[in-house]
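Colleague: Take a look at this one; I'll ask things after.
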Amino acid sequence: MSNEQQYWQQQAPQAPQVPEASQVSGAPYAPPSQETFLQYQQPTPGAWQQQYPPYSAPRTPGDEPEADYYVPHYTVLDPEPEPEPGPGYVLPEVPVSAWSVDNSRSAWISRAVLVLILLVQAGLSYRLDGSAFPQEAKFLTSDGTLSGLVSGAGLAGARTLSLVWALGATALLFGATRLLFNARAGLAAAAMYSVLESTAFTGRYASAHSLSLFLLAAALWLLARTRQSTPAAVLVAAPFAALAPFAAYAAALYLPSLTVLAVLTAYRFRGVGAFVRGALFAAATGALCFVGVRLNGTPSGWNVHGTDSALSLLKESAQWGGIVLLVAVIGAVGFVRRARMGEMPWAEGSAPGAVRRASLGLTLCATALLAPLYQAYLGNGSSLHIHVGFGLLFAVPMAGLGISRMMGAHFRYPQIGIMIYVAALVVGMAQTQDLYRPPDSVGMIAALRGVVTEKGAKGSYLSDDPEISAYYLRTRTDPGQWHRAARGSALASAVKKGSYDAVVLRTASVPAELRGSRTYRLLAVVRSADKDGGQAPYRIWVKR
Numbered sequence: 001m002s003n004e005q006q007y008w009q010q011q012a013p014q015a016p017q018v019p020e021a022s023q024v025s026g027a028p029y030a031p032p033s034q035e036t037f038l039q040y041q042q043p044t045p046g047a048w049q050q051q052y053p054p055y056s057a058p059r060t061p062g063d064e065p066e067a068d069y070y071v072p073h074y075t076v077l078d079p080e081p082e083p084e085p086g087p088g089y090v091l092p093e094v095p096v097s098a099w100s101v102d103n104s105r106s107a108w109i110s111r112a113v114l115v116l117i118l119l120v121q122a123g124l125s126y127r128l129d130g131s132a133f134p135q136e137a138k139f140l141t142s143d144g145t146l147s148g149l150v151s152g153a154g155l156a157g158a159r160t161l162s163l164v165w166a167l168g169a170t171a172l173l174f175g176a177t178r179l180l181f182n183a184r185a186g187l188a189a190a191a192m193y194s195v196l197e198s199t200a201f202t203g204r205y206a207s208a209h210s211l212s213l214f215l216l217a218a219a220l221w222l223l224a225r226t227r228q229s230t231p232a233a234v235l236v237a238a239p240f241a242a243l244a245p246f247a248a249y250a251a252a253l254y255l256p257s258l259t260v261l262a263v264l265t266a267y268r269f270r271g272v273g274a275f276v277r278g279a280l281f282a283a284a285t286g287a288l289c290f291v292g293v294r295l296n297g298t299p300s301g302w303n304v305h306g307t308d309s310a311l312s313l314l315k316e317s318a319q320w321g322g323i324v325l326l327v328a329v330i331g332a333v334g335f336v337r338r339a340r341m342g343e344m345p346w347a348e349g350s351a352p353g354a355v356r357r358a359s360l361g362l363t364l365c366a367t368a369l370l371a372p373l374y375q376a377y378l379g380n381g382s383s384l385h386i387h388v389g390f391g392l393l394f395a396v397p398m399a400g401l402g403i404s405r406m407m408g409a410h411f412r413y414p415q416i417g418i419m420i421y422v423a424a425l426v427v428g429m430a431q432t433q434d435l436y437r438p439p440d441s442v443g444m445i446a447a448l449r450g451v452v453t454e455k456g457a458k459g460s461y462l463s464d465d466p467e468i469s470a471y472y473l474r475t476r477t478d479p480g481q482w483h484r485a486a487r488g489s490a491l492a493s494a495v496k497k498g499s500y501d502a503v504v505l506r507t508a509s510v511p512a513e514l515r516g517s518r519t520y521r522l523l524a525v526v527r528s529a530d531k532d533g534g535q536a537p538y539r540i541w542v543k544r
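Heads up, the sequence shown is in the numbering used here, so the first residue is 1 and it goes up one at a time.
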């Protein structure tokens, strides 16, 4: 320790010695006075070394001053619960069996997809081309009111009009399926129907078949559209259903199915009134058909018997519509088992009963079998590949529902729907390419043009395809100048008598009746430009 520190330590005042209570017997303890402590705490040169707390006099209980504020007494209560927040979004009412809310955005999306489907259908039809079929030529040269209106536009115009009717039928089919089930099933149904062989064929076939399909689709859509209205509202569908058989006789097979659907579509909403609705529709349709028969006669060709094998006709029908019918049966079974899909737990209200669902599925699926069974019974396969499409028009809505169910809630398995669509597309394109093979008559017409020009209106002609010749040479001849060729004794008699100025046969070899004939000479042999088509060449003989 340094000298300076020793000096200041000696100068610091010493704390007074306080005797303990134990040292002074009988004397109470007397604390040192405040002056002593103040003297002790005076600042000194060594104050920085040690600090002491300020002195305060001891207090006895009861001497504490009262608080200068009031502490009230209170009771602790639980806080009031906050009000529940309102729903952030209220789901609107949805249709039964629906897969999503039918708002404006979904409606526009459905329309856009429908336009794409119609474009695909138009492309599948327009890829088909060629000369006129005999039935097309007959339709364009007939005396009917409809054919008279269409014939002015020519073959191309008539085929374009058929495509317009076919596209309209697909659009109406989408609308009917959407009303019966939902928009997704409607799009699937339209997609399946647009790639069928019969749809592509009729869209490029100049006849009234596509018009008849359009009328049936319009009647089906109106039945679905008026299902919640009064029973009398069904009368708006009767004219369309009654006109369909007069455009194509095959449509008459499906009028009973429309009557049953008039009841089934409204039973859930009208109850017993649905039977009144069905009776009104049947009576109105029957009355209009009776008036049409009285004015125009019975449509021809609906009960012509043939010699075709029933088994082969049923087999061909299965090839043309088997995929759609199979998917429709799957959809019907799924519809019977469950009315709604699992992706709409918010749906309320009563669903259609199992009996009604089973009846609807059975009606739609069984209708597809009417044309094959009827024509197999007749043994007549004429235009069966077209008539199959009439029944598929009714089965496709259930097929669309089947695709929707197989894809699952929220498109869980979209690959299933894509696979079915691609399969139907490939099969339909291949079948249409095989069936749409009109006779290549361009060379034959060019060779005959000079012959008929020389003979004029006085000539008489025998041909295997008189309708084609009459149509393409309509400016130089009348349809009555052309006659259908026969074989055997009838042909031999005509050749021997020289009854015709020209004989046009489509045959691979020269018939025995014309071989070495002294009445006719061979003018030309016209072969088809499509060597793989299997068409026999045209052979033209003219009178010597």
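Cβ coordinates follow ideal geometry from the N, Cα and C atoms, glycine included.
Applying the criterion that 16 or more other CB atoms from any shown protein chain within 10 Å of the CB defines a buried residue, is L119 buried or exposed?
Modeller: Exposed, since its Cβ has fewer than 16 Cβ neighbours within 10 Å.
Colleague: Is the separation between the beta-carbon of D464 and that of V504 shorter than 8 Å?
Modeller: A contact, by the Cβ cut-off of 8 Å.
Colleague: With 16 as the cutoff for other CB atoms within 10 Å, does A98 come out buried or exposed?
Modeller: Annotation note: pLDDT 43 at A98 (below 50); position unreliable, coordinate value reported separately. Answer is buried; the Cβ neighbour count reaches 16.
Colleague: Out of S309, A284, S257 and P245, which one is the CA nearest neighbour of V293?
Modeller: That would be P245, whose Cα lies nearest to the Cα of V293.
Colleague: Out of curiosity, what's the CA-to-CA distance linking H209 and R539?
Modeller: So the two alpha carbons sit approximately 32 Å from each other.
Colleague: Inspect the CB distances between the region 209–223 and the region 399–414 and report whether three or more fall short of 8 Å.
Modeller: No, because fewer than three Cβ pairs between the region 209–223 and the region 399–414 fall closer than 8 Å, the two stretches do not touch.
Colleague: Can you say whether S312 is buried or exposed, counting buried as having 16 or more other CB atoms within 10 angstroms of its CB?
Modeller: Counting Cβ neighbours within 10 Å, S312 comes out exposed, since fewer than 16 surround it.
Colleague: Which residues share a DSSP beta bridge with H305?
Modeller: Beta-bridge pairing links H305 to no other residue.
Colleague: Provide the residue span of the beta strand (DSSP E) that contains S463, from first to last.
Modeller: Y461 to S463 is the extent of the beta strand (DSSP E) around S463.
Colleague: Within this structure, are the beta carbons of L290 and A237 separated by less than 8 Å?
Modeller: Checking the sequence shown, residue 290 turns out to be Phe, not Leu. Their beta carbons are not under 8 Å apart, which means F290 does not touch A237 by this criterion.
Colleague: The beta strand (DSSP E) that contains A132, what's its start and end?
Modeller: Unbroken run through A132: none, as it is neither H nor E.
Colleague: Is A512 helix, strand or coil when you go by DSSP?
Modeller: Note: A512 maps to coil in three-state DSSP.
Colleague: Name the residue from G88, A137 and L173 whose alpha carbon lies nearest to the alpha carbon of A158.
Modeller: Nearest option by C-alpha distance: A137.
Colleague: Note down, in chain order, each residue of its chain lying with its Cβ closer than 7 Å to the Cβ of L211, except the 5 sequence neighbours on either side.
Modeller: The residues are W165 and A247.
Colleague: Give the DSSP-derived three-state secondary structure of V90 in the structure shown.
Modeller: Three-state result, V90: coil.
Colleague: Inspect the beta-carbon positions of A536 and A508 and report whether they are closer than 8 Å.
Modeller: Going by C-beta atoms, A536 is nearer than 8 Å to A508.
Colleague: Please give me, in chain order, every unbroken run of the alpha helix (DSSP H) with length at least 4 that falls completely inside the region 257–304.
Modeller: Those alpha helix (DSSP H) runs which fall completely within the region 257–304 and span 4+ residues are 273–296.
Colleague: Pull the bridge partners of H483 from the DSSP assignment, please.
Modeller: Answer is L462, bridged to H483.
Colleague: Please determine if the region 464–481 and the region 434–451 are in contact, where contact requires at least 3 C-beta pairs separated by less than 8 Å.
Modeller: Taking 8 Å as the limit for Cβ pairs, the verdict is that the region 434–451 does touch the region 464–481.
Colleague: Alpha carbon to alpha carbon, how far is A371 from D308? Give it in angstroms, no decimals.
Modeller: Between D308 and A371, the C-alpha separation is close to 15 Å.
Colleague: Around the Cβ of N303, are there at least 16 other Cβ atoms within 10 angstroms (buried) or fewer (exposed)?
Modeller: The residue is exposed, with fewer than 16 neighbouring Cβ atoms inside 10 Å.
Colleague: Can A395 and A328 be called in contact, C-beta distance under 8 Å?
Modeller: A contact, by the Cβ cut-off of 8 Å.
Colleague: Given this structure, state the Cα-to-Cα distance separating T298 from Q415, to the nearest angstrom.
Modeller: About 48 Å.
Colleague: Here's a check: name, in chain order, each residue in its chain whose Cβ is nearer than 6 Å to the Cβ of E467, leaving out the five neighbours to either side.
Modeller: Excluding sequence neighbours, E467 sits near P134, A137 and K138.
Colleague: If contacts are defined as beta-carbon pairs under 8 Å, then V260 and T363 qualify, I think. What distance do you get, rounded to the angstrom?
Modeller: Right, their Cβ atoms sit about 5 Å apart.
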